[in-house]
Structures are given as C-alpha cells and as structure tokens.
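Structure first, commentary second.
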Amino acid sequence: MIGIIDYGVGNLKSVYNALNYLNIKTKFVKSSKDFKDCYGFILPGVGAFKHGVENLIKSGLYEEIVDVKNEGRAILGICLGMQLLFNRSEEGDKDTSGLNFIEGDIVKLKGDIKIPHIGWNSLYFNKSNLKQDIFSGIKEEAYVYFVHSYMASVGEENVIAYTSYGENKIPAIVTKDNLIGMQFHPEKSGEVGLKFLKSFSGFAKNRV
9 MIGIIDYGVG NLKSVYNALN YLNIKTKFVK SSKDFKDCYG FILPGVGAFK
59 HGVENLIKSG LYEEIVDVKN EGRAILGICL GMQLLFNRSE EGDKDTSGLN
109 FIEGDIVKLK GDIKIPHIGW NSLYFNKSNL KQDIFSGIKE EAYVYFVHSY
159 MASVGEENVI AYTSYGENKI PAIVTKDNLI GMQFHPEKSG EVGLKFLKSF
209 SGFAKNRV
C-alpha cells in the first residue's frame with residue numbers, strides 16, 4: 009500500500025485519484041499508526057516551505073517520516089514535498105530546516121521570467137544517472153506539468169532529469185537511495201505522469 013502523507017498542505021485528492029486509477033492500493037497517512045502497513049509514501053504539497061515544515065512538526069509526522077526513511081522504505085516528494093527533502097529554502101525564514109535527506113538548498117527562480125512557473129515543460133534526462141529500472145518507458149522530452157517559484161540547488165549526482173525555464177536549469181527529478189523527488193506534478197501530467205507514479209510504486213514495493 010502507498011501512503012499519502014496528509015499534513016494539511018495542498019490538494020491530496022488528485023494524487024489519490026491517480027493512484028486509484030492505476031489500481032494501486034492507497035490511503036491517507038495522518039498519524040503514526042497509519043505508517044505501519046505501507047511499503048512506500050508520497051509527500052505531496054503546494055505552498056510555502058516554512059508552512060510545510062511547521063505542519064509536519066505540528067502533526068507529529070516529521071519524525072515518523074525520518075523513521076521510515078531510515079528504515080529504507082521509499083518516499084516520493086512532489087512539488088513542495090520534493091523541496092522539503094532538502095536542507096533549507098530561500099523562501100521566507102531561512103532558518104527553517106527541511107528534512108535534510110538530500111544535501112542542497114531551495115532557491116528562487118531567476119531572470120526576467122513570469123513567476124510562478126506554471127505550465128508544461130519537457131524533461132531532459134541526465135543519462136549518467138538514469139536508473140532504467142525506475143524510469144524505463146519514459147521518453148526524452150516527455151511533457152510534464154509544473155507549478156512553482158523555487159527550485160533545488162543540488163549536486164549533479166542526485167539529478168535524474170532537468171527542465172529549463174528562462175535561464176534556469178531546473179532539477180525536475182532527483183534521487184538518493186530510497187528517495188525520489190519530482191518538482192512537477194505527476195498526478196496532473198497525463199499518461200506520462202501516471203507512468204511515473206506506477207514506476208514509483210514498483211520501486212517502493214521492491215524495497216520491502
């Protein structure tokens with residue numbers, strides 16, 4: 009079962025509906041007892057970094073997420089959820105620490121561009137890091153849907169795919185061990201997005 013972590017940030021129903029369409033058994037995770045029977049987790053979310061961290065802490069889910077990560081169970085962060093996997097963000101209070109799972113910070117998109125970045129963009133895979141067992145069947149330049157104002161500043165070794173927006177080379181998919189982050193919204197990215205969610209479920213199931 010895939011657990012969708014419900015920490016009061018963003019619309020979780022679209023993620024649930026996408027997994028349900030794929031016949032992937034899923035549930036919302038709201039407390040410690042909900043973590044027990046899940047082989048993988050999705051951390052979704054839209055909005056501000058600080059608000060997301062505060063909600064994780066207030067809900068008591070922050071430490072639970074740390075525990076399942078340390079156990080080796082798979083976690084997929086989507087949009088804000090991906091950004092929370094990192095150390096810090098330029099957005100708001102820079103003293104707010106994220107989950108610190110992946111080394112790097114979240115920085116504001118730069119240049120003379122419309123922010124937030126909203127719309128469909130192509131993915132360009134970092135072939136030196138591409139894990140075909142996770143992302144097989146996804147074509148180069150596949151279109152996915154983005155809504156964000158900030159991006160990850162992260163080492164090349166963690167980046168599976170980029171997209172570009174103005175002068176920004178944006179890490180669109182990042183990985184580290186049992187973690188995957190997607191800056192775009194797979195649940196809103198049509199058939200390509202569904203393939204990503206199905207691949208994550210398989211990746212997570214194979215880890216238990």
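The working numbering puts the first residue of the sequence shown at 9, with every later residue one more than the last.
No residue lacks a Cβ here, since even glycine has one placed at the ideal position from N, Cα and C.
- Residues bridged to Ile-50 by DSSP? Residue pairing for Ile-50: DSSP places it in a beta bridge opposite Ile-12, Leu-84.
- Message: Our contact map puts Gly-48 next to Ser-209 with C-beta atoms below 8 Å; I'd like the distance itself, whole angstroms only.
- Response: That pair is a contact at about 7 Å.
- Just tell me which of Ser-157, Ser-40, Lys-102, Asp-185 has its CA closest to the CA of Lys-6. Only positions 9 to 216 of the chain appear in the structure, and residue 6 is not among them; the question remains open.
- Segment limits, beta strand (DSSP E) that includes Val-156: Correcting the residue identity first, residue 156 is His in this sequence and not Val. 151 to 156 is the extent of the beta strand (DSSP E) around His-156.
- Query: Who pairs with Val-37 in a beta bridge, going by DSSP?
  - Reply: Beta-bridge pairing links Val-37 to Ile-13.
- Message: So, at 6 Å on beta carbons, what are the nonlocal neighbours of Val-54 in its own chain, with the 5 sequence-adjacent residues on each side left out?
- Response: Cβ neighbours of Val-54 within its own chain (closer than 6 Å, five residues either side excluded): Gly-18, Cys-87, Leu-88.
- Quick one, which of Leu-187, Asn-166, Asn-186 has its alpha-carbon nearest Pro-179's? Out of Leu-187, Asn-166, Asn-186, Asn-166 has the C-alpha closest to the C-alpha of Pro-179.
- Distance, Cα to Cα, Asn-31 vs Asp-120? Each residue's Cα considered, the two are about 43 Å apart.
- Task: With DSSP collapsed to three states, give me the class of Lys-177.
- Result: Taken through DSSP and simplified to helix, strand or coil, Lys-177 comes out as strand.
- Message: Pull the bridge partners of Thr-104 from the DSSP assignment, please.
- Response: Its beta-bridge partners do not exist; DSSP assigns none.
- Query: If we ignore side chains and look at the alpha-carbon of each, how far apart do Lys-21 and Gly-174 end up?
  - Reply: About 31 Å.
- Pick out whichever of Lys-203, Thr-104, Tyr-153, Asn-129 has its Cα sitting closest to the Cα of Lys-58. When Lys-203, Thr-104, Tyr-153, Asn-129 are compared, the shortest CA-CA separation from Lys-58 is found for Thr-104.
- What distance in whole Å lies between the Cβ atoms of Lys-184 and Phe-109, which are believed to be in contact at a cut-off of 8 Å? That pair is a contact at about 7 Å.
- Query: So, is Val-223 buried or exposed, given that buried needs 16 or more other C-beta atoms within 10 angstroms?
  - Reply: Past the edges of the chain, shown from 9 to 216, lies residue 223, and the structure says nothing about it.
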